[in-house]
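Colleague: If you read the protein sequences in the order shown, they are chains A and B.
Residue numbers for the first sequence follow our numbering, so the first one is 33 and each next one is one higher.
Residue numbers for the second sequence follow our numbering, so the first one is 43 and each next one is one higher.
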Amino acid sequence: ETGVTQSPTHLIKTRGQQVTLRCSSQSGHNTVSWYQQALGQGPQFIFQYYREEENGRGNFPPRFSGLQFPNYSSELNVNALELDDSALYLCASSLGVGGYEQYFGPGTRLTVT
Amino acid sequence: AQSVAQPEDQVNVAEGNPLTVKCTYSVSGNPYLFWYVQYPNRGLQFLLKYITGDNLVKGSYGFEAEFNKSQTSFHLKKPSALVSDSALYFCAVRDGGQAGTALIFGKGTTLSVSS
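1. I'd like to check one pair, leucine 118 of chain B with phenylalanine 105 of chain B: are the Cβ atoms closer than 8 Å?
2. Applying the criterion that 16 or more other CB atoms from any shown protein chain within 10 Å of the CB defines a buried residue, is leucine 115 of chain A buried or exposed?
3. Please compile the residues from chain B whose C-beta is within a distance smaller than 9 Å of the C-beta of glutamine 50 of chain A.
4. In terms of DSSP beta bridges, what is phenylalanine 132 of chain B paired with?
5. Do the region 39-49 of chain A and the region 96-104 of chain B touch if we need at least three Cβ pairs shorter than 8 Å?
6. Can you tell me whether proline 60 of chain B is buried or exposed? The criterion is at least 16 other CB atoms within 10 Å of its CB, across all chains shown.
7. Cβ atoms of serine 125 of chain A and glutamine 58 of chain A: under 8 Å apart, would you say?
8. Going residue by residue through the region 85-139 of chain B, where are the continuous beta strand (DSSP E) segments of at least 3 residues, counting only ones entirely within it?
9. Measure the beta-carbon distance from threonine 140 of chain A to isoleucine 44 of chain A and round it to whole angstroms, keeping in mind my assumption that it falls under 8 Å.
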């Protein structure tokens, strides 16, 4: 069984640029959630996709957007990057939106200069 | 609003001793509670969860957690700590009564097990 994978591992961007992060969910999982983890902090919920529809959103501005594809993989897009967007971005997949545990990928480390 | 508190930034224990990592929560409905562990430069690994049923939940690597509704707590425990348990531990909660609600994480507790 393949776990959650994310690409790229590391990324360096300049303020004002746009970035796309990718996530492949674990086999059989139809729900993907994205989190931002700043240094020394717990993960902060960005949004969740369930069967290709957004199913909840945290307190992040509209320049954070996402997609979920028919194979349940997902993308996180961030426009107009700011220095504070520098963080570890985590993707997690689960069997559904109820009490199912989420399985996390290794994350993408984004540095904005 | 949902929230999680992990009151200790760091917990230090000697190998072989029991360990406890504390977590308290606040939700308006029934809580779904989770513990995750994070090793350096890695994603989070699921340890255990409480949804309903027995208040004592057993999970991976010998960890267990006790749900206490009156104290709104969900402390993580292990009878005998290993050096390899040293890592960052996160408690998380979501409101089971509200569809589409987020998993809210605490700020984490660093566990250090000395040999």
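Every residue, glycine too, gets a C-beta built ideally from N, C-alpha and C.
Modeller: This is what the structure holds:
1. yes
2. So leucine 115 of chain A ends up on the exposed side.
3. Within 9 Å Cβ-Cβ: nothing; glutamine 50 of chain A doesn't reach chain B, min ~24 Å.
4. Bridge partners of phenylalanine 132 of chain B: B:Tyr78.
5. no
6. exposed
7. Result yes, Cβ atoms of glutamine 58 of chain A and serine 125 of chain A sit closer than 8 Å.
8. 86-92, 98-100, 106-110, 115-120 and 129-137
9. Not a contact, Cβ separation roughly 11 Å.
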